[in-house]
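2 protein chains.
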Amino acid sequence: MNASSAEDEPGDLPGRASDQPRYVQVADELRAAITAGHFAEGDQLPTESALCERHGVSRFTVREALRRLQAEGLIRRRRGSGTIVDTGGQVLRQPLSDVAELLQYAAGSTFEFRVHGRIALSEAQAAEIGIGAGSRWVHLSGVRTLAPGGAAVAVTDVYINPDLEAFVSALRPGHETLFQQLGAAAGFRVVRVEQDIRAVAAGGREANLLGMARRAPVLRIIRVYKDESDRIVEISISAHPGDRFTYSMHSDQV
Amino acid sequence: MNASSAEDEPGDLPGRASDQPRYVQVADELRAAITAGHFAEGDQLPTESALCERHGVSRFTVREALRRLQAEGLIRRRRGSGTIVDTGGQVLRQPLSDVAELLQYAAGSTFEFRVHGRIALSEAQAAEIGIGAGSRWVHLSGVRTLAPGGAAVAVTDVYINPDLEAFVSALRPGHETLFQQLGAAAGFRVVRVEQDIRAVAAGGREANLLGMARRAPVLRIIRVYKDESDRIVEISISAHPGDRFTYSMHSDQV
DNA sequence: CGGGACAATTTGTCCGGACATATTGCGAAC
DNA sequence: GTTCGCAATATGTCCGGACAAATTGTCCCG
């Protein structure tokens, strides 16, 4: 029943955004205003009641929107004082706090890949991910760059659930994540992402593609994407060059 | 064991736990019930209305408590279906989703250190952290082990704000984090933690302490702890052996 | 001029209610 | 027996209101 599925919802307008909850819309507007520079670092945001009036919503909705921005690390709030823009000077960092910031990261970079077809995971790989060995997956591999033609920031191997093989040929490189495209085409939604981060020595292929010395330290990030029914729809194994990539996080309200 | 449940109601203190918000108390009780095994993996938790009745609070309070547990990765919720315990089988992983799971991590390991006294950060260090070079800090260094006498899982350098120098001598090794001890002694609260993760080659000292080859890949985690007034109270730089340490995270509700 | 009391402002906590939407079980219909 | 549809259930969204607590500016007084 997903509105974004293949059997379109022509309806009235391309309102995929407008049928989202109000607090998401408010959060999106505020985020856009911040990233567009309407609010500088350290600036005071309008108070909750002001935002209520401007957007014509209740305080519940405004607080829910602000909670999201706070979770993303864009704002800081203090009782009695107000809400200020505090992104922690995040310049060229790849943030992931808890939500769909994976999407934001993907939107700021480009991913090019090619499909290798079905393969069976090796024992070592299966053990590292925590999947039964010998299971079959559709294998893709590619590189991610911040700017087209620029230096690679990641070499990635992707393994897609064979149930979704029919949709693989429709995947296109670019700014949208693979799991977004798959979900829109096959009608599921990724609701859980697990990821492991390790430091390993670059293998020959990785070193070659990333332009670094063999056995140089790389950040290996393994992500497992699951949908509503806990089905693993995609697994990605990325290698990031240690000298050009920093993984940044924050955590509020301890 | 959880550190927060240790000092519950000693009597003299006017209930530091009991004057906390209701939703924190409800969350603590539920978390304790889960970790104590009263709810097994996959079990269904009581519904929101049931929890409202049991704890005598409104649905707002219950939802706020459940939201916390969900952010910690202990439960999963589905509209129409209910709330189930789903910790993702977190065994021997070092999780940090967004909150005070740093504390949980620290509680499961031991940190031994010694104090080196005041030093000035080198230019390289200051630049890596994002602090003005030449600033003075109180330097500590130590190793973290999962079991006393076991293999080291981290070599850590800690830099403490010189304003807190008077409290450094009272710091004790063990299961409690340094910033917890400092906060309790000096009367502040850490409300924001920023951390950067990179892959680097082990230096001579790190390789020696961790028992690994020089230039082997290590995970370098830099954490900056800030209190309510945005003051940096502590900076820690940890090196984790790439082959013995995995940094695990999760993210729900994309 | 400095300091302390006070009031206004702003976010945090908490309540009650209402309707929307996804899920599940059950019974009726075929 | 299988399937369809409906009702019951549970969480998600959203509103209005109320009071608490922290911050900040102001004003009076010594």
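So the protein sequences, as listed, match chains A and B.
Residues in the first sequence are numbered from 1 upward in steps of one, following the working numbering.
Residues in the second sequence are numbered from 1 upward in steps of one, following the working numbering.
Beta carbons are placed, not taken as given, at the ideal position from N, Cα and C, and that holds for glycine.
This one's a predicted model, so the numbers in the text were calculated from it and none came from an experiment.
Looking at the unbroken alpha helix (DSSP H) that takes in residue i, where does it start and where does it end?
| i | result |
| --- | --- |
| Ala166 of chain B | Glu165 to Val168 |
| Ile34 of chain B | Arg22 to Thr35 |
| Phe179 of chain B | Leu178 to Ala186 |
Using a Cβ-Cβ cut-off of 7 Å, state whether residue i counts as contacting chain B.
| i | result |
| --- | --- |
| Val143 of chain A | no |
| Leu74 of chain A | no |
| His250 of chain A | yes |
| Leu92 of chain A | Any reading at Leu92 of chain A must be qualified, since the residue scores a pLDDT of 34, below 50, and its modelled position is unreliable; the value itself is stated next. No, because no Cβ of chain B sits closer than 7 Å to the Cβ of Leu92 of chain A. |
| Pro95 of chain A | Legend: pLDDT at Pro95 of chain A = 41, less than 50; position of this residue unreliable, no value from coordinates given. |
Starting from residue i, trace the beta strand (DSSP E) both ways and give me its first and last residue.
| i | result |
| --- | --- |
| His55 of chain B | First-last for His55 of chain B: Glu48 to His55, but that is the alpha helix (DSSP H), not the beta strand (DSSP E). |
| Ala127 of chain A | No beta strand (DSSP E) holds Ala127 of chain A; the alpha helix (DSSP H) holding it covers Glu123 to Ile129. |
| Phe113 of chain B | Thr110 to Ala120 |
| Thr156 of chain B | Ala152 to Ile160 |
| Thr87 of chain B | Run containing Thr87 of chain B: none; DSSP gives neither H nor E here. |
Checking contacts by CB at 7 Å: is residue i closer than that to chain A?
| i | result |
| --- | --- |
| Thr246 of chain B | yes |
| Val218 of chain B | yes |
| Gly242 of chain B | yes |
Return helix, strand or coil for residue i, following the three-state DSSP convention.
| i | result |
| --- | --- |
| Thr61 of chain B | helix |
| Glu256 of chain B | This structure does not reach residue 256 of chain B, given that chain B is present from 1 up to 254, and the question cannot be answered. |
| Gly142 of chain A | strand |
| Leu209 of chain A | helix |
| Leu219 of chain A | strand |
| Arg77 of chain B | strand |
| Arg68 of chain A | helix |
| Gly204 of chain B | helix |
| His38 of chain B | coil |
| Ala239 of chain A | strand |
| Ala199 of chain A | strand |
| Arg136 of chain A | strand |
| Ser229 of chain A | coil |
| His175 of chain B | coil |
| Asp98 of chain B | At Asp98 of chain B, the pLDDT of 42 sits below 50, so the modelled position is not reliable and the matter cannot be decided from this model. |
Below 6 Å, is the gap between the Cβ of residue i and the nearest heavy atom of the ligand HEM?
| i | result |
| --- | --- |
| Gly149 of chain A | With respect to small molecules bound, the structure shown includes none, and the ligand HEM cannot be examined in it. |
Item to check | Where the region 185 to 214 of chain B meets chain A: residues whose CB sits under 7 Å from a CB there | outcome: Val190, Val191, Arg192, Val193, Glu194, Gln195, Asp196, Ile197, Arg198, Ala199, Val200 and Ala201
Checklist entry - Quick check: the region 203 to 210 of chain B against the region 145 to 159 of chain B, are there 3 or more CB pairs under 8 Å? => result yes
Checklist entry - How about the region 189 to 204 of chain A and the region 111 to 127 of chain A: do they share at least three Cβ pairs that are nearer than 8 Å? => result no
Checklist entry - Does the region 229 to 240 of chain B touch the region 215 to 231 of chain A, meaning 3 or more C-beta pairs lie closer than 8 Å? => result no
Item to check | Contact residues within the region 159 to 185 of chain B, judged by C-beta distance below 8 Å to chain A | outcome: none
Item to check | Residues of the region 50 to 62 of chain A with Cβ closer than 7 Å to any Cβ of chain B, in chain order | outcome: none
Checklist entry - Between the region 212 to 219 of chain B and the region 139 to 151 of chain B, do at least 3 Cβ pairs fall closer than 8 Å? => result no
Next on the checklist: Tell me whether the region 228 to 238 of chain B and the region 25 to 34 of chain B touch, counting them as touching only if at least three CB pairs, one residue from each stretch, are closer than 8 Å.
Outcome noted: no
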